[in-house]
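Participant: Numbering that gives the first Met the number 0 numbers the first residue of the sequence shown as 0 and each following residue consecutively. Every residue, glycine too, gets a C-beta built ideally from N, C-alpha and C.
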Amino acid sequence: MSALAVRTNTGRLRLAIQKSGRLSEKSLSLLEECGISFDLNKSKLNAEARNFPLDILFLRDDDIPGYVSNGVVDAGIVGLNVVMEKNPSLPIVSNLGFGKCRLSIAVPKDFEYRELKDLEGKKIATSYPEILQAFLVERGVSASIQEISGSVEIAPAIGLADAICDLVSSGGTLLANRLSEVERVLDSEAVLVSNLNSGDLGQKESEILKELEFRITTVNNSKSCKYIVLNSPNESLQTISDILPGIKSPTVVQLAEEGWSAIHAVVNEDVFWDVLGKLKEAGAEGITVMPIEKILV
Ligand code: ATP
Ligand code: ZN
């Protein structure tokens, strides 16, 4: 067990999530969707799940990788950007599909940017000095990194830096500050991290973590899929079935009307619109799409 660890094995998994910020609500909703319920009292630092052996600790996101790494908590939900900055060797248990953003380099609109080499010898302001430094070294560019903790986007306008490296999601903040995004350094989303390799995690806690991971995967798989029901002339059944990428093969049920069947299938949301056009072309009618609560695979 690492020297800094202050906990003893309790038979409950201690999970850190962001106390207040962009990931807080979605982290809690994910746990609720996993069937885990708890009494929320945010003024407290922690909450105990009622129907699952899980204790939640509310922390600043920057502290989560460190606490997971030194064994104060067993696992954490935090942005990949924070993990890569603070503790890049921390094992990622699963990607969670929310909090999506990218860490990008942006320059003022009047900067004539063609390639990364144009930043040679320039000053770049960022809250992510480690990630930026690794990126520049890998690409053979030497620039001076100015670490600042907030409002990075105003650094060029106040003469603090020539460029910035900051988190972007819609790009609205860059636009408002007359900055152009020129290099994508890291694609990020919320991740579940745990110090799996340290030996800190007891047998019981490892089992709870596995169960949590299983539930998260189930919830996220279900979210990305839709249940689709449609009517098909019997002569088109094969063509339509071939278009539908079902879990195994679509379910076909004969309709009361002679010569027609209903097809039931599960379709991934990503391919849904693509498939929809092809289904209509193939003669499908009455196409109904429904959300799925859970799929166990
Ligand atoms: P804390 O008080 O916990 O330190 P913070 O101010 O550092 O909070 P937030 O702004 O709440 O952090 O962002 C938390 C995480 O949300 C980021 O680290 C990132 O992973 C993710 N995120 C998603 N979109 C964005 C965005 N447009 N800007 C910043 N972070 C984003
Ligand atoms: Zn933070």
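Near residue 219, which residues of its chain fall below 6 Å by C-beta distance, leaving aside the five closest residues on each side in sequence?
Facilitator: Correct list, in chain order: 96.
Participant: Of the residues 273, 189, 74, 157, which one's Cα is nearest the Cα of residue 20?
Facilitator: Checked all of 273, 189, 74, 157; the closest Cα to residue 20 is 189.
Participant: Distance, Cα to Cα, residue 47 vs residue 74?
Facilitator: The straight-line gap from Cα to Cα measures roughly 15 Å.
Participant: Would DSSP call residue 183 helix, strand or coil?
Facilitator: Here residue 183 sits in strand by DSSP.
Participant: Give the list of continuous alpha helix (DSSP H) stretches no shorter than 4 residues that lie fully inside the region 71-125.
Facilitator: Whole alpha helix (DSSP H) segments, 4+ residues: 79-85.
Participant: Checking 8 Å against the spacing of the C-beta atoms, do residue 174 and residue 163 come in under that value?
Facilitator: Cβ atoms of residue 174 and residue 163: not closer than 8 Å.
Participant: Give me, in chain order, the residues of the same chain whose beta-carbon lies closer than 7 Å to that of residue 278; leave out the 5 immediate sequence neighbours on both sides.
Facilitator: Once the five neighbours on either side are set aside, the close Cβ partners of residue 278 are 229, 239, 242, 286.
Participant: Would you please state the rounded distance, in angstroms, between the beta carbons of residue 72 and residue 89? I believe it to be under 8 Å.
Facilitator: With a Cβ gap of about 12 Å, residue 72 and residue 89 do not count as contacting.
Participant: Reducing DSSP to helix, strand and coil, say where residue 11 ends up.
Facilitator: Note: residue 11 maps to coil in three-state DSSP.
Participant: Determine the DSSP secondary structure at residue 43, reduced to helix, strand or coil.
Facilitator: Reduced to three states, the DSSP call for residue 43 is coil.
Participant: In the structure shown, what three-state DSSP assignment does residue 267 receive?
Facilitator: It is a strand residue.
Participant: My understanding is that residue 153 touches residue 12, with C-beta atoms under 8 Å, so please give their C-beta distance in whole angstroms.
Facilitator: Not a contact, Cβ separation roughly 41 Å.
Participant: Does DSSP classify residue 18 as helix, strand or coil?
Facilitator: Coil at residue 18, not helix or strand.
Participant: The beta strand (DSSP E) that contains residue 226, what's its start and end?
Facilitator: Segment 224-232, the beta strand (DSSP E) holding residue 226.
Participant: Does at least one heavy atom of ligand 2 sit under 7 Å from the Cβ of residue 59?
Facilitator: Yes, ligand 2 has a heavy atom inside 7 Å of this Cβ.
Participant: Can you have a look at residue 17 and say buried or exposed, based on whether 16 or more other CB atoms are within 10 angstroms of its CB?
Facilitator: Buried, by the Cβ-count rule.
Participant: Just to confirm, are residue 191 and residue 93 a CB contact at a threshold of 8 Å?
Facilitator: Their beta carbons are under 8 Å apart, which means residue 191 touches residue 93 by this criterion.
Participant: Between residue 201 and residue 232, which are expected to be in contact by the criterion C-beta below 8 Å, what is the C-beta distance as a whole number of angstroms?
Facilitator: Contact flag wrong, Cβ pair sits at about 59 Å.
Participant: My assumption, with CB atoms under 8 Å, is that residue 78 sits in contact with residue 22. Please give the rounded CB distance.
Facilitator: Correct: roughly 7 Å between the Cβ atoms.
Participant: Would residue 118 and residue 136 be called neighbours here (beta carbons separated by less than 8 Å)?
Facilitator: No, they are not a contact pair.
Participant: Thinking C-beta only, is residue 84 closer than 8 Å to residue 129?
Facilitator: For residue 129 and residue 84, yes; Cβs fall inside 8 Å.
Participant: DSSP three-state call for residue 51: helix, strand or coil?
Facilitator: Looking at residue 51 - three-state DSSP - the assignment turns out to be coil, as it is neither helix nor strand.
Participant: Report the rounded CA-to-CA distance for residue 167 versus residue 98, giving the unit in angstroms.
Facilitator: Looking at the two C-alpha atoms, the distance is approximately 11 Å.
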